[in-house]
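Asker: In terms of the working numbering, the sequence shown is residues 15 to 475.
C-beta atoms are modelled at their ideal positions from N, C-alpha and C, and glycine is treated no differently.
Please read these numbers as outputs of a predicted model, since none were measured by experiment.
My questions all concern the structure below.
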Amino acid sequence: MNAKFVDMTAGARTYVAHLNTNVNFSGVADAATRSDRKSAAWQTQRSAEQSAMDSLTPRLDALKAAGLVQDYELVSGTGQLIINATAGKAGAAYQALQGLGELGRVLRNREVLLDDQQQGTVAPTADPTVEWNVDKLGVQKVWAAGDTGQGVVIGMVDTGVNTQHEALKGHYRGTNADGTQTDDYNFYDPVGNKKVAYDDHNHGSHTAGTAVGGTADHLTGMAPGAKFIATKVFTAGGSGSTATILKGLGWMLAPTDSAGLNPDPTKAPDIVSNSWGSSDGKSLAYLDALKAFEAAGIVPVFAAGNSGPRAGTVGSPGSLAQAVTIGATDKDDKVASFSSRGPSPIKDKDGNVVQKPDFSAPGVDVISSGKDGNSYVKMSGTSMATPAAAGVIALLISKYPKLTTEQVREVLAKSAGDVDAPGTDLNTGAGRLDPVAAIALADKLYGTPVPPAQPAPVAAA
15 MNAKFVDMTA GARTYVAHLN TNVNFSGVAD AATRSDRKSA AWQTQRSAEQ
65 SAMDSLTPRL DALKAAGLVQ DYELVSGTGQ LIINATAGKA GAAYQALQGL
115 GELGRVLRNR EVLLDDQQQG TVAPTADPTV EWNVDKLGVQ KVWAAGDTGQ
165 GVVIGMVDTG VNTQHEALKG HYRGTNADGT QTDDYNFYDP VGNKKVAYDD
215 HNHGSHTAGT AVGGTADHLT GMAPGAKFIA TKVFTAGGSG STATILKGLG
265 WMLAPTDSAG LNPDPTKAPD IVSNSWGSSD GKSLAYLDAL KAFEAAGIVP
315 VFAAGNSGPR AGTVGSPGSL AQAVTIGATD KDDKVASFSS RGPSPIKDKD
365 GNVVQKPDFS APGVDVISSG KDGNSYVKMS GTSMATPAAA GVIALLISKY
415 PKLTTEQVRE VLAKSAGDVD APGTDLNTGA GRLDPVAAIA LADKLYGTPV
465 PPAQPAPVAA A
């Protein structure tokens, strides 16, 4: 298990502390529109957080005055605080924080690493190309019926995105009609604090390309009619931490302008695609954020991880019941050896073992967009399967925007194709996603009934 810790400020020890809140999201799901629901969930979460902070702030300020704490920050929407304790007094600060009734668990800020296999750049072909994962899922049949994911926004929580790439520029929500780009409310970088979208790793550009990317002659993404926004929470070396990731997740609940001000939950995405995970499958650091996504009607899609084939290797947050967790399959519909297996080490609210992953999607030798110019890169991992699933979900909710996360999960489960043991298993979940079957099932369950044909009038004798 990765046990390296990360401190965010020189001369300090960084803790992530859970804010004890009692968030009641009842009634939020009754909002008239998706935007209204996002706003209602955000306001409910923020109200609960602020109520707890009203009594906690004077206590934390007292610890600052005593020299135990350098600074602290509430990560809005996630129910977590980032607290930098003075390094030489970290032990005393930790004990003091543990004694605050407004706080629950207080943990060191843990490093999170990307561990997918990057196999280098791929020379572009002059011929029209449909990447194998696009062809395998058969999404072109869904597009032919007029559903390309239009009207849906996917939030990419990753290494940033090369928004100037030919396969991505037109799919970035920040791209204007004249080709210029506006990064306000569309890009956030808690790692480098840059205001203009970028990617210095490849991973984020690759995953965005698999979700929505492509050109007329090179199809890489599942939902080319959808748009994406992005947060950069991993460095050029593929390293992130609980604290930076929480900032990215919180921003997705209510994106801000480039100055980090004026949060607007109506600009939140409909789906968040997360091609990362902590090796600690028992971590609850992201639980409140996922509950907020669930309340807001935002579908949280997470990678199962690349620690297979051993059982019980799904990482967090993919181990959480609220996550839609994705394993990886290859060109032959076989589960990838590296794909993390279930079950989750976490139990649900009723004490039952959480069965993971939920589904699987293509994740081996996937070609998609890269960070440099119009480059293309081949990569393998559940990170590659996750945005494919996010794109499939975009197709589903583009046609049926009122679907809840649980309804999406149900439709995908009942329409997925078995690729391992019959039924739901701990290797591939309900099976490999089948978007054509999913749309057909949604049509049956949620489509407008077609009136029965009226019998022809009987001629008078």
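Which term fits Asp294, buried or exposed, when burial requires 16 or more other beta carbons within 10 angstroms of its beta carbon?
Answerer: Buried: at least 16 other Cβ atoms inside 10 Å.
Asker: According to DSSP, is Gln112 part of a helix, a strand, or is it coil?
Answerer: Note: Gln112 maps to helix in three-state DSSP.
Asker: How should Arg187 be labelled, buried or exposed, when 16 other C-beta atoms within 10 angstroms of its C-beta is the threshold for buried?
Answerer: By the 10 Å Cβ count, Arg187 comes out buried.
Asker: Quick check: what's the CA-CA separation for Thr462 versus Ala309?
Answerer: C-alpha separation (whole angstroms): 26 Å.
Asker: What does the Cβ neighbour count give for Leu275, buried or exposed, with the cut at 16 atoms within 10 Å?
Answerer: So Leu275 counts as exposed.
Asker: If distances are taken between C-alpha atoms only, which option among Gly239, Glu87, Phe39 comes closest to Met12?
Answerer: Since the displayed the chain opens at 15 and closes at 475, residue 12 lies outside it and no answer follows.
Asker: Taking C-beta to C-beta, are Ala306 and Gln59 nearer than 7 Å?
Answerer: Contact: yes.
Asker: Roughly how many angstroms lie between the CA atoms of Gln112 and Phe19, to the nearest whole one?
Answerer: Near 19 Å, if we compare the C-alpha coordinates of Phe19 and Gln112.
Asker: Where do the N-terminal and C-terminal ends of the beta strand (DSSP E) with Glu87 fall, by residue?
Answerer: Counting along the chain, the beta strand (DSSP E) containing Glu87 begins and ends at 83-89.
Asker: By DSSP, does Ala470 sit in helix, in strand, or in coil?
Answerer: Summary for Ala470: the model assigns pLDDT 47, below 50, so the residue's position carries little reliability, and this model does not support an answer.
Asker: Give the C-beta separation of Ser389 and Thr234 to the nearest angstrom, bearing in mind that I take them to be a contact with Cβ-Cβ under 8 Å.
Answerer: In fact, because the Cβ distance is near 12 Å, the residues do not count as touching under 8 Å.
Asker: Spell out the partners DSSP gives Arg124 in its beta bridges.
Answerer: Answer is Phe19, bridged to Arg124.
Asker: Here's a check: name, in chain order, each residue in its chain whose Cβ is nearer than 6 Å to the Cβ of Lys413, leaving out the five neighbours to either side.
Answerer: Counting only Cβ-Cβ distances below 6 Å, and skipping sequence neighbours, we find Asp161.
Asker: Report the option in Ala350, Ser292, Asp271, Ile453 whose CA atom is closest to the CA atom of Leu410.
Answerer: Of the listed residues, the one whose Cα sits closest to Leu410 is Ile453.
Asker: What residue from Ala435, Asn441, Ala408 has the CA that sits closest to Leu426's CA?
Answerer: Of the candidates Ala435, Asn441, Ala408, the one whose C-alpha sits nearest the C-alpha of Leu426 is Ala408.
Asker: Ordered along the chain, which non-local residues of its own chain (more than five positions away) have a Cβ less than 7 Å from that of Ser53?
Answerer: Excluding positions up to five away in sequence, the list reads Pro279, Thr280.
Asker: What are the boundary residues of the beta strand (DSSP E) that includes Pro72?
Answerer: No beta strand (DSSP E) contains Pro72, which is instead part of the alpha helix (DSSP H) from 48-79.
Asker: Exposed or buried, what is Ser351 when buried is set at 16 or more other beta-carbons lying within 10 Å of its beta-carbon?
Answerer: Classification of Ser351: exposed, given that the 10 Å Cβ count is below 16.
Asker: So the candidates are Pro283, Gly251, Gly332; which of them puts its Cα closest to the Cα of Leu128?
Answerer: The shortest C-alpha separation from Leu128 is found at Gly251.
Asker: On a Cα-Cα basis, can you pick out the residue from Thr92, Asp432, Thr196 that is closest to Asn34?
Answerer: Among Thr92, Asp432, Thr196, the Cα nearest to that of Asn34 belongs to Thr92.
Asker: Tell me, please, whether the region 171-184 touches the region 202-220 by the rule of three or more beta-carbon pairs shorter than 8 Å.
Answerer: Short answer: they touch.
Asker: Kindly indicate the opening and closing residues of the alpha helix (DSSP H) around Asn147.
Answerer: 146-151 is the extent of the alpha helix (DSSP H) around Asn147.
Asker: Would you check if the distance between the CB atom of Asp271 and the CB atom of Asp198 is smaller than 7 Å?
Answerer: Contact flag set, yes.
Asker: Nearest-angstrom Cα distance between Trp290 and Ser397?
Answerer: Those two C-alpha atoms are separated by around 7 Å.
Asker: To which residues does DSSP link Ala26 through a beta bridge?
Answerer: According to DSSP, which records beta bridges pairwise, Ala26 is partnered with Thr100.
Asker: Pairing CB atoms from the region 430-448 with CB atoms from the region 254-269, are three or more of them under 8 Å?
Answerer: No, the region 430-448 is not in contact with the region 254-269.
Asker: In the DSSP assignment, find the unbroken beta strand (DSSP E) run with Val315 in it and report its ends.
Answerer: First-last of the beta strand (DSSP E) with Val315: 313-317.
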